[in-house]
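**Q**
2 protein chains.
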Amino acid sequence: MGALHEGHLSLIRHAAKENDKVFVTIYVNPTQFGVHEDLDSYPKTLEKDMGMLQKLDGELKDAGTSGGPIEAVFAPTTKTMYPTLPPDSSLPGTGSFVTITPLAGLLEGKSRPVFFRGVATVCMKLFNIVQPERVYFGQKDVQQTVIIKRMIRDFHLNTDVRIVPTEREKDGLAMSSRNVYLGERRRRVGIVLRQALRAAEAAYKMGKRSRDDILALAWDVANRMSMEQDEMSAEAGARFEVDYISLADPDTLEEVAVIDSEHGAVLSGAIKMLPLDAVRDGEVHGVGGDKVPVRLIDNIILERSDD
Amino acid sequence: MGALHEGHLSLIRHAAKENDKVFVTIYVNPTQFGVHEDLDSYPKTLEKDMGMLQKLDGELKDAGTSGGPIEAVFAPTTKTMYPTLPPDSSLPGTGSFVTITPLAGLLEGKSRPVFFRGVATVCMKLFNIVQPERVYFGQKDVQQTVIIKRMIRDFHLNTDVRIVPTEREKDGLAMSSRNVYLGERRRRVGIVLRQALRAAEAAYKMGKRSRDDILALAWDVANRMSMEQDEMSAEAGARFEVDYISLADPDTLEEVAVIDSEHGAVLSGAIKMLPLDAVRDGEVHGVGGDKVPVRLIDNIILERSDD
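Residue numbers (the working numbering), protein chains in the order written: chain A, 1 to 307; chain B, 1001 to 1307.
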């Protein structure tokens, strides 16, 4: 989707290590935005992106590793990707789509009902155009990785999925193209999601296996931060809402009551950073003056263990 | 879908002329049958089919043409075709599907809402498994050909679609695996659909271009036959219902009011042969004793003309 950051570059670096030729696709896919979502305001920075890719390509060449540099960047028009009917983001939607249910309706899909239909559809097209031996997706969008794996299996697509670890800022915030909307105040509070998930992970690592024991710790962190912000003045606080904190099966993404150690689980969450109630002089603001609500997601894989 | 007849063999013969290797798939795909449709009773004759294919393979080898014989028959299990979730024929349906709208909801799709979702889904899987340079479909299922062409274009599948003319019985009835359900009496009346479409085609060939002028002739034929049958005794008549007679755009399948000569049109129809009201001694019956309602479809392409 462009608006490249270190997370995207990490995908390319991983691909370059394992393949002779790397293809990069940049396409802000309209069908994965709901009709009331932020397609129009989504950052589109193709020129800057191309600069970053050229620089990375140079680095990869200089490194002289066995892996290939960037063979091509595919940045198609919408008429190429949707050649017959204009892209439709409505439900039920006219056009040619891939639907993956019930996976696409869970977690992120609850608040974004057309999102994964758009993702699966555009990925099917891209896979057919490029015919890659391996495709690289970031761990940050864990539901996307599960859905793409399911699509590849169900449709017998001849490609391997590689999941690349989430790139993070120094304080642990997952990198995202939408982070540019966060000014310093919302940026500082936005780390709460990571902190909540880490608290739950710690419980798992200490041997807890029941949903309640594990998620209680995450909710403690989130609720405490939420109360702190609510108690602050409009000029000091940054309010947010928790959309979900989930403990789910890694293949079906269905919520689990008790983690099967041999199977592991996916701990994930989404919060919405609300627009600031009031701004202060001298404060560093995000794109849009911190008036844009920003959804942040993150996750931790609770690996299977032999205990 | 198996239950092979001359129509299927014609597809293979055409494929053998144009390709070194021919792959045949036989799979009665559950997701294209509605929950109340005839999946259980649909003829499944794999052993007989394999015999016919072996015979044809021998003929192709003997002919010694440049084209290849049958390389392989792919007759997968449902667990292979639907590896994660069991096939679901309900609406909205759980699973991984390809949907092609609005095409899939027109004509046949009106009475069979999940049909083309199932067809597109299974074809996407088969195309990915076999990765054919060319795929062969029969003209008889004209809506299927339009939908497959749309799917290939929209998803950038790397395969060419070849449409093979409909194979017909001597009197013109389109061959279909479901024809075995027609005993002599329903068989004789079933030809009405072909006759109706031919009457309309004649009008087009004589220069008529308006929908009303063209379709009136088809409805005349159908209505006359329908009245004749209704007036006969239960032991003599074979009643039927017209589902639709359509004059549609070749690419969108939307109904047209006036045919654009440079674009042509698709004339198509569907009738339902009702179970016989009463049977006579000595009469030859179809499979199921002529108690199974049988849907018949047929079509004629009104080619573009330079007039």
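We put the beta carbon where it would ideally sit given N, CA and C, even for glycine.
1) Please report the Cβ distance between residue 1019(B) and residue 1167(B), rounded to the nearest whole angstrom; I am assuming they are in contact, meaning their Cβ atoms lie under 8 angstroms.
2) Taking the alpha-carbon of residue 1227(B) as reference, which of 1240(B), 1089(B), 1120(B) and 1217(B) has the nearest alpha-carbon?
3) Leaving aside the five residues before and after residue 1163(B) along the sequence, list all residues of the same chain whose C-beta is less than 7 angstroms from its C-beta, in chain order.
4) Going along chain A, which residues have a C-beta under 9 angstroms from residue 1083(B)?
5) Can the beta-carbon of residue 1080(B) be found less than 7 angstroms from the beta-carbon of residue 1088(B)?
6) Short check: CB of residue 304(A) to CB of residue 264(A), under 7 angstroms?
7) Mind checking if residue 1021(B) is an interface residue toward chain A, Cβ cutoff 7 angstroms exclusive?
8) I want to verify the contact list: residues of chain A whose CB lies under 8 angstroms from the CB of residue 1125(B), in sequence order.
9) Who does residue 137(A) pair with in a DSSP beta bridge?
10) Would you mind listing the beta strand (DSSP E) stretches within the segment 189-248 of chain A that are 3+ residues and don't spill past its ends, in chain order?
11) With DSSP as the reference, identify every bridge partner of residue 1268(B), one or two as the case may be.
12) If we count the other Cβ atoms within 10 Å of its Cβ and call it buried at 16 or more, is residue 1099(B) buried or exposed?
13) Enumerate in chain order the residues of its own chain whose CB-to-CB distance from residue 1029(B) is below 6 angstroms, with the five nearest sequence positions on each side excluded.
14) According to DSSP, which residues form a beta bridge with residue 100(A)?
15) Using beta-carbon positions only, say whether residue 294(A) and residue 197(A) come within less than 7 angstroms of one another.
16) Using a Cβ cut-off of 7 angstroms (strictly closer), state whether residue 1161(B) contacts chain A.
17) Out of 1247(B), 1070(B) and 1289(B), point me to the one whose CA is closest to residue 1021(B)'s CA.
18) Quick check on the burial criterion: 16 or more other C-beta atoms within 10 angstroms. Buried or exposed for residue 108(A)?
19) Based on the DSSP output, what are the partners of residue 70(A) in its beta bridges?
20) State the Cα-Cα distance for the pair residue 165(A) and residue 173(A), rounded to the nearest angstrom.
21) Specify whether the segment 1186-1196 of chain B and the segment 1204-1221 of chain B touch according to this definition: at least 3 beta carbon pairs, one from each stretch, less than 8 angstroms apart.
22) Would residue 267(A) pass as a contact of residue 200(A) if the rule is Cβ separation under 7 angstroms?
23) I'd like the span of the alpha helix (DSSP H) that includes residue 129(A), first residue to last.
24) Out of curiosity, what's the CA-to-CA distance linking residue 1191(B) and residue 1178(B)?
25) For residue 1146(B), name the three-state secondary structure that DSSP assigns.
26) With 7 angstroms as the threshold, decide whether the Cβ of residue 1098(B) is near any Cβ in chain A.
27) Got a sec, what are the start and stop residues for the alpha helix (DSSP H) residue 54(A) sits in?
28) Is residue 1287(B) helix, strand or coil by DSSP?
29) Does the Cβ of residue 158(A) have 16 or more other Cβ atoms within 10 Å, making it buried, or fewer, making it exposed?
30) Interface residues of chain B around residue 113(A) at Cβ under 8 angstroms?
31) Taking buried to mean at least 16 other C-beta atoms within 10 Å of its own C-beta, is residue 1280(B) buried or exposed?
**A** According to the data block:
1) Here residue 1019(B) refers to the residue found at position 19 when the second sequence is read from its first residue. Here residue 1167(B) refers to the residue found at position 167 when the second sequence is read from its first residue. Not really, about 20 angstroms apart at Cβ, beyond 8 angstroms.
2) The residue labelled residue 1227(B) in the question sits at position 227 within the second sequence. Measuring from the Cα of residue 1227(B), the nearest candidate turns out to be 1240(B).
3) Locating residue 1163(B) in the second sequence gives position 163, where the first residue counts as 1. Contacts found: 1137, 1139 and 1145.
4) Indexing the second sequence from 1 puts residue 1083(B) at position 83. Ordered by position in chain A, the residues that pass the 9 angstroms Cβ test against residue 1083(B) are 153, 154 and 156.
5) Within the second sequence, numbered from 1, the residue matching residue 1080(B) stands at position 80. Within the second sequence, numbered from 1, the residue matching residue 1088(B) stands at position 88. Contact: no.
6) Taking the first sequence and counting its residues from 1, the one referred to as residue 304(A) is at position 304. Taking the first sequence and counting its residues from 1, the one referred to as residue 264(A) is at position 264. Cβ distance < 7 angstroms, so residue 304(A) and residue 264(A) count as in contact.
7) Position 21 of the second sequence, counting from 1, holds the residue named residue 1021(B). No, residue 1021(B) lies away from the interface with chain A (no Cβ there is under 7 angstroms from its Cβ).
8) Here residue 1125(B) refers to the residue found at position 125 when the second sequence is read from its first residue. Neighbours of residue 1125(B) on chain A, chain order: 154, 155 and 156.
9) By 1-based counting over the first sequence, the position of residue 137(A) is 137. According to DSSP, residue 137(A) bridges with 163(A).
10) 240-248
11) One-based indexing of the second sequence puts residue 1268(B) at position 268. In DSSP, residue 1268(B) forms a bridge with 1246(B) and 1299(B).
12) Numbered from its first residue, the second sequence carries residue 1099(B) at position 99. Per the 10 Å Cβ criterion, buried.
13) Position 29 of the second sequence, counted from the first residue, corresponds to residue 1029(B). Hits under 6 angstroms: 1118 and 1122.
14) As a position in the first sequence, residue 100(A) is number 100, starting the count at 1. Per DSSP, 1096(B).
15) Counted from its first residue, the first sequence places residue 294(A) at position 294. Counted from its first residue, the first sequence places residue 197(A) at position 197. No.
16) One-based indexing of the second sequence puts residue 1161(B) at position 161. Taking Cβ atoms only, chain A never reaches closer than 7 angstroms to residue 1161(B), which makes this a no.
17) Residue 1021(B) sits at position 21 when you count from the first residue of the second sequence. Of the candidates 1247(B), 1070(B) and 1289(B), the one whose C-alpha sits nearest the C-alpha of residue 1021(B) is 1070(B).
18) Here residue 108(A) corresponds to residue number 108 of the first sequence, with the count starting at 1. Its Cβ being crowded by 16 or more others within 10 Å, residue 108(A) is buried.
19) As a first step, residue 70(A) must be located in the first sequence, where it is residue number 70. Paired residues: 22(A).
20) Taking the first sequence and counting its residues from 1, the one referred to as residue 165(A) is at position 165. Taking the first sequence and counting its residues from 1, the one referred to as residue 173(A) is at position 173. If I take the Cα positions, the gap works out to 13 angstroms.
21) yes
22) Position 267 of the first sequence, counting from 1, holds the residue named residue 267(A). Position 200 of the first sequence, counting from 1, holds the residue named residue 200(A). In contact: residue 267(A) and residue 200(A) (Cβ atoms closer than 7 angstroms).
23) For the purposes of this step, residue 129(A) is identified with residue 129 of the first sequence, where counting begins at 1. Element bounds for residue 129(A): 115-130.
24) In the second sequence, the residue the question calls residue 1191(B) occupies position 191. In the second sequence, the residue the question calls residue 1178(B) occupies position 178. The alpha-carbon atoms of residue 1191(B) and residue 1178(B) are separated by roughly 14 angstroms.
25) Here residue 1146(B) corresponds to residue number 146 of the second sequence, with the count starting at 1. Three-state result, residue 1146(B): helix.
26) By 1-based counting over the second sequence, the position of residue 1098(B) is 98. With 7 angstroms as the cut-off, residue 1098(B) counts as an interface residue toward chain A.
27) To locate residue 54(A), count along the first sequence from 1; it is residue 54. It spans 46-63 - the alpha helix (DSSP H) in which residue 54(A) sits, taken as one unbroken run.
28) For the purposes of this step, residue 1287(B) is taken as residue 287 along the second sequence, with counting starting at 1. Coil at residue 1287(B), not helix or strand.
29) The residue given as residue 158(A) occupies position 158 in the first sequence. Exposed, since its Cβ has fewer than 16 Cβ neighbours within 10 Å.
30) Locating residue 113(A) in the first sequence gives position 113, where the first residue counts as 1. Here the premise fails: no neighbours, minimum Cβ distance about 12 angstroms.
31) Counted from its first residue, the second sequence places residue 1280(B) at position 280. That one is exposed.
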